[in-house]
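Residue numbers (the working numbering), protein chains in the order written: chain R, 102 to 216; chain A, 13 to 170.
Beta carbons: idealized from backbone N, C-alpha and C, even for Gly.
One structure is given below, encoded as structure tokens.
Okay, structure coming up:
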């Protein structure tokens, strides 16, 4: 089995499964948001804010953001590991990506519960 | 590329990727064959790629684009939920600002392709169309469906 200490789940098989589960969650969240915006062409602040004030929407959104963090890391880890051959550059870029993902996750939680 | 549960997708599985260097003993002969002096052509610019290879690399490129585009999506979500004025700022930008429209259309296009190509991946994971013909056909369907979605996204944005 291929193992690499910088991969998400310590094994390719684990990453493979997480990538697919997170993909399905992200697909459902995307379809929901797109459908909601299409069905509410005259959307106003109160309705939009009301949607994100619902507990189920906050949980659904948090699930999507956590899935996004895992999905982005596994995908970008694969791409950077394949194409960035110089170790210093690859680790530098991967460190930046991890920090960016962390910032997005904290930002997302703040948006959901900070308003 | 067909992929199954038994195979690790984590490294060097891409047709445009590089060859693995960390080889087990059983792969040593393959490694020697690759490094033998037989004529090889690894100049990618002279190789005509089959459609499944192009949709595969496009899946990766759109994934990177979407990650970079997250900053716009999170800004829009944060600002639109922060206050009525913020909501107006986002909807005004999407209604009148040509740059905002282009970014929105670009990200929706990348998302459409990435989603469709991802569904293709999931179909292959459950052993649907894991043949040469099936692979080419699904790549064609991916291109056509995402092209339609990209046009519809443009209609939506404008």
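Evaluate the contact criterion for the stretch 151–158 of chain A versus the stretch 155–167 of chain R: three or more CB pairs, one atom per stretch, below 8 Å. no
Is the beta carbon of residue 170 of chain R closer than 8 Å to that of residue 202 of chain R? yes
Report yes or no: is there a C-beta of chain R within less than 8 Å of the C-beta of residue 64 of chain A? no
May I have the straight-line CA-CA distance separating residue 60 of chain A from residue 150 of chain A, to the nearest angstrom? 19 Å
So, using beta-carbon positions, are residue 64 of chain A and residue 160 of chain A closer together than 8 Å? no
What are the residues of the stretch 123–152 of chain A that lie near chain R, defined by any Cβ-Cβ distance shorter than 9 Å? 123, 127, 130, 131, 133, 134, 137
Excluding the 5 residues preceding and the 5 following residue 170 of chain A in the sequence, name in chain order all residues of the same chain whose CB lies nearer than 7 Å to its CB. 113
In this structure, how does DSSP classify residue 59 of chain A when only helix, strand and coil are distinguished? coil
To the nearest angstrom, how far is it from the Cα of residue 117 of chain R to the Cα of residue 110 of chain R? 9 Å
Using a cut-off of 7 Å between C-beta atoms, extract the partners of residue 107 of chain R located in chain A. Simply none; closest approach about 10 Å.
Start-to-end residues for the alpha helix (DSSP H) that takes in residue 144 of chain R: Counting along the chain, residue 144 of chain R falls outside any alpha helix (DSSP H), and DSSP gives it neither H nor E.
Distance, Cα to Cα, residue 68 of chain A vs residue 109 of chain A? 33 Å
Scan the stretch 136–162 of chain R for residues whose Cβ lies nearer than 7 Å to a Cβ of chain A and list them as they occur along the chain. 146, 149, 150, 153
Chain R partners of residue 86 of chain A, CB-CB under 8 Å? 205, 208, 209, 212
Span of the alpha helix (DSSP H) around residue 50 of chain A: First-last for residue 50 of chain A: undefined, no H or E at that position.
Chain-ordered neighbours of residue 76 of chain A on chain R, where CB pairs are closer than 9 Å: 176, 177, 180
Please report the straight-line C-alpha distance between residue 132 of chain R and residue 50 of chain A, rounded to a whole angstrom. 50 Å
Which same chain residues end up closer than 8 Å to residue 144 of chain R when comparing Cβ atoms and leaving out the 5 residues on each side of it in sequence? 138
Pull up the distance between the alpha-carbon of residue 31 of chain A and that of residue 52 of chain A, whole angstroms please. Here the model assigns residue 31 of chain A a pLDDT of 49, short of 50, so the residue's position is not dependable, and the following value carries that caveat. Cα-Cα distance, rounded: 14 Å.
Can you pull out the residues from the stretch 120–132 of chain R whose beta carbon lies closer than 9 Å to at least one beta carbon of chain A? 120, 121, 124, 125, 127, 128, 131, 132
For the alpha helix (DSSP H) containing residue 180 of chain R, list its first residue and its last residue. 156–184
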